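Each residue of the sequence shown is one higher than the one before, counting from 125 in this note's numbering.
Ideal Cβ positions, reconstructed from N, Cα and C, are used throughout, including at glycine.
Here the structure is a predicted model, which is why all the values come from computation and not from measurement.
Heads up, the thing below is written out as C-alpha cells.
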Amino acid sequence: MSNPIVHVDLGERAYDIVIEAGALADIGTRCVDLFGAGKRVLMVSDANVAKFYVSGTEALLLRAGFQVSVIVLPAGESTKCVARLAEIWEEAVEARLDRKSFIVALGGGVIGDLAGFAAASFLRGIPFVQVPTSLLAMVDSAVGGKTGMNLPQGKNLVGAFHQPQMVLSDLSVLATLPARELHAGMAEVIKYGVIWDPEMFSFIESHVAEIKALDSEALHYLVKRSCEIKADVVRQDEREGGLRAILNFGHTLGHAIENVCGYGEWLHGEAIAMGMVYAAKISEVAHGFKADETDRLIALFKAFDLPVSWQGLEWGALYQAMTADKKAENALPKFVLAKEMGKVGLPEEVGMELLKKVYDDGA
Ligand SMILES: NC(=O)c1ccc[n+]([C@@H]2O[C@H](COP(=O)([O-])OP(=O)(O)OC[C@H]3O[C@@H](n4cnc5c(N)ncnc54)[C@H](O)[C@@H]3O)[C@@H](O)[C@H]2O)c1
C-alpha cells in the first residue's frame, strides 16, 4: 500500500491526514504521540456512527491511558445548532477538560464541524482530532480547518477557522455508510477532478464498479488525492481570500437548491451535482468549455445515481436564492466556471440572461 500520510503544511498549524483501511486501530498510540499519555479527552459522535464505532474507539483511547468522556448527539444536520454546541461545552466542563485536553470528532461533516467549533471555542481553543466517517467528511469537511454551525436564519453562519492536530481517515468505516451518502461524497471527489485533476476524473470513469464496491485501493487513491488537492488549495489560501473559492464549483446553484427545497430533500453532494452541471453549461458559453466534457460529467454523475437536472425547480425562487447567497457581493450571482477539464477560474459574475437561458435549456 502506498504512503498513507498527507501532510498539510500550514507552518505551526501543520498536521497529518492518515488515510488507511484500519487506521482507527492506531488512534490511541497516535494520540499519545501527539498529546502525551494521561490527558482528558472528550469524544463527540452521532447516534448512527456511535452504534458501530464509539465503544471500540473509547476502548482504544482508554487502553492508551487517556481519561475518556463521550457525548453522542442525534444524527442529522439539525444537530449543528447552538443547543447541541452548548451540550458539548457543558460535557467538557463536567469532564474537567483543560487546555491540554482534546476533543475527538468521530462522525460525518456535521459532527466534525460542530465538535471542531466546540474545540475552537472552549477555553478559547483546545486541540482536536478529526475522525471522519463519511466519504464527504474524509475528502472535504475534515480537511481545511473550517468549523461551525447553523443558525435558524441560515447554514454555517457561525464558525471559526481551527485546524485539527490530526485527521484519521479509516476507509473501512465506509462499509456501514449508506450508499446514498457514499454517492453524495463522490460528487465532491468528482468536483476535484473537474477543478484540478483530469487524470483523477478519468480514473473515476474507469473504476465506477470498484468504487461502488468499496475497493480499498481505489478508495485510497481517491481520498488521498482529494485531500492532497484540498490541502494544496488551503495551503495557498487558508482563509478564503482567493484561490479557496474554486472549491465552490457547483455551489452557487447547489446552495440555492438546498435553500429553496429545504435542507433534507437533497443531500449536499446531490445539490452540488446539479449545480456542477449547470456551471459546466454556463462555462460552455462563457469559456468555450467543450460540450463533450459536460456530457462526461453528466454520465459520471448518473453512474453514481446522482441527480443532474434542475427540472421542476422554479426559476424565480432559484434566482432569488442565488443572488441572496452570502458569497454574492452584489445583485449578480458569482460562479466558478470551467475552462477545460481540470482548470477553473475564480468566481465571476454571470448575467441573468445567460443564467435563464441555461436554466431553460435544461441538462
Ligand atoms: N467544514 C467544511 O469545510 C465543510 C465542507 C463541506 C461540508 N461541510 C459540512 O458537512 C456536513 C455534511 O457532512 P456529511 O455529508 O458527512 O453529513 P453527516 O455528518 O450528517 O453524515 C451523513 C449521514 O451518514 C451517517 N454516517 C456517517 N458516517 C457513517 C458511517 N461510517 N456509517 C454509518 N453511518 C454514517 C451520519 O450519521 C449521517 O446520518 C454539512 O453540515 C456541511 O455543511 C463542512
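Just curious, the alpha helix (DSSP H) that LEU184 is in, first and last residue?
Element bounds for LEU184: 171-187.
PRO251 to PHE159, Cα distance in whole Å?
Taking the straight line from one Cα to the other gives about 9 Å.
How big is the Cα-Cα spacing for ASP140 and MET476?
Cα-Cα distance, rounded: 43 Å.
Of all the options ASP361, SER330, GLU182 and ILE381, which has the alpha carbon lying nearest to the alpha carbon of ASP443?
Checking the sequence, you will find Tyr at residue 443 rather than Asp. The option with the nearest alpha carbon to TYR443 is ILE381.
Give the straight-line distance between the Cα atoms of TRP320 and ILE353, rounded to the nearest whole angstrom.
TRP320 and ILE353: Cα-Cα distance of roughly 7 Å.
So, at 6 Å on beta carbons, what are the nonlocal neighbours of VAL313 in its own chain, with the 5 sequence-adjacent residues on each side left out?
Closer than 6 Å at Cβ, skipping near neighbours: VAL263, LEU346 and SER350.
How close, in whole Å, do the beta carbons of ILE235 and SER179 come, if the pair is a contact with beta carbons under 8 Å?
Not a contact, Cβ separation roughly 16 Å.
Under a three-way DSSP split, which group does ILE141 fall into?
In this structure, ILE141 counts as strand in the three-state DSSP scheme.
Give me the Cα-Cα distance between GLN287 and LYS270, rounded to the nearest whole angstrom.
Taking the straight line joining both Cα atoms gives about 7 Å.
Give every residue of the same chain whose Cβ lies closer than 8 Å to the Cβ of ILE143, excluding the five residues on either side of it in the sequence, and list them in chain order.
Here the set comprises PRO128, ILE129, VAL130, MET262, SER293, LEU295, HIS344, VAL347, LYS348 and CYS351.
From LEU185 to TRP434, what distance separates their C-alpha atoms?
Roughly 46 Å between the two C-alpha positions.
Would ARG164 pass as a contact of LEU221 if the rule is Cβ separation under 8 Å?
It is a contact, given that the beta carbons lie within the stated cut-off.
Exposed or buried, which one is THR300 when buried takes at least 16 other CB atoms within 10 Å?
Exposed.
Could you compute how far the alpha carbon of ASP361 sits from the alpha carbon of THR203?
Cα-Cα distance, rounded: 29 Å.
Which residue spans inside the stretch 386-429 form an unbroken alpha helix (DSSP H) run of at least 4?
Entirely contained in the stretch 386-429, the alpha helix (DSSP H) runs reaching 4 residues are, in chain order, 392-411 and 415-427.
According to DSSP, GLN191 sits in a beta bridge with which residue or residues?
GLN191 is bridged to ARG164.
Check whether the stretch 271-278 touches the stretch 186-193, counting contact only when three or more Cβ pairs, one atom from each stretch, lie closer than 8 Å.
These segments do not touch.
Within 10 Å of its beta-carbon, does GLU218 have 16 or more other beta-carbons around it, so buried, or fewer, so exposed?
It counts as exposed.
Grouping DSSP H, G and I as helix and E and B as strand, with all else coil, what is ASN372?
Helix.
Would ALA487 pass as an interface residue toward chain C - the criterion being a Cβ-Cβ separation below 8 Å?
The question asks about chain C, but that chain is absent: this structure has only one protein chain.
Please list, in chain order, all residues of the same chain as ALA199 whose beta carbon is under 7 Å from its beta carbon, the five residues on each side excluded.
The residues are ASP170, ALA171 and ASN172.
Hey, is the stretch 235-244 in contact with the stretch 326-345, meaning 3+ C-beta pairs nearer than 8 Å?
Cβ pair count under 8 Å is below three, so no.
Any heavy atom of ligand 1 closer than 7 Å to the CB of ILE195?
No.
Taking all protein chains shown into account, decide if GLY272 is buried (16 or more other Cβ within 10 angstroms of its Cβ) or exposed.
Its Cβ being crowded by 16 or more others within 10 Å, GLY272 is buried.
Along the chain, where does the beta strand (DSSP E) that runs through PHE252 open and close?
Here the beta strand (DSSP E) through PHE252 covers 252-256.
Kindly indicate which residue of VAL282, GLY366, LYS405 and VAL474 has the alpha-carbon position closest to the one of CYS205.
Of the candidates VAL282, GLY366, LYS405 and VAL474, the one whose C-alpha sits nearest the C-alpha of CYS205 is VAL282.
What residue from VAL194, ALA311 and GLY365 has the CA that sits closest to ILE212's CA?
Cα-wise, what sits closest to ILE212 is VAL194.
At which residues does the beta strand (DSSP E) containing SER293 begin and terminate?
Where SER293 is concerned, the enclosing beta strand (DSSP E) stretches over 290-294.
Hey, how far is the Cα of VAL384 from the Cα of GLU438?
Roughly 9 Å between the two C-alpha positions.
Short check: CB of THR181 to CB of ILE151, under 8 Å?
Yes, they are a contact pair.
GLU364 and PHE413 - do their beta-carbons sit closer together than 8 Å?
No, they are not a contact pair.
Leaving aside the five residues before and after ALA145 along the sequence, list all residues of the same chain whose C-beta is less than 6 Å from its C-beta, in chain order.
Hits under 6 Å: LEU295, SER296 and SER340.
In the structure shown, what three-state DSSP assignment does ASN127 receive?
ASN127 falls in the coil class under three-state DSSP.
Work out the CA separation of VAL332 and LEU338 for me, nearest whole Å.
Going by the C-alpha atoms only, they are around 10 Å apart.
Nearest to PRO457 by alpha carbon, out of LYS480, VAL468 and LYS467?
Residue LYS480 is the option with its Cα nearest to PRO457.
Candidates ALA395, GLY388, LEU298 and VAL474: which alpha carbon is nearest LEU430's?
Comparing Cα-Cα distances from LEU430 to each of ALA395, GLY388, LEU298 and VAL474, the minimum goes to ALA395.
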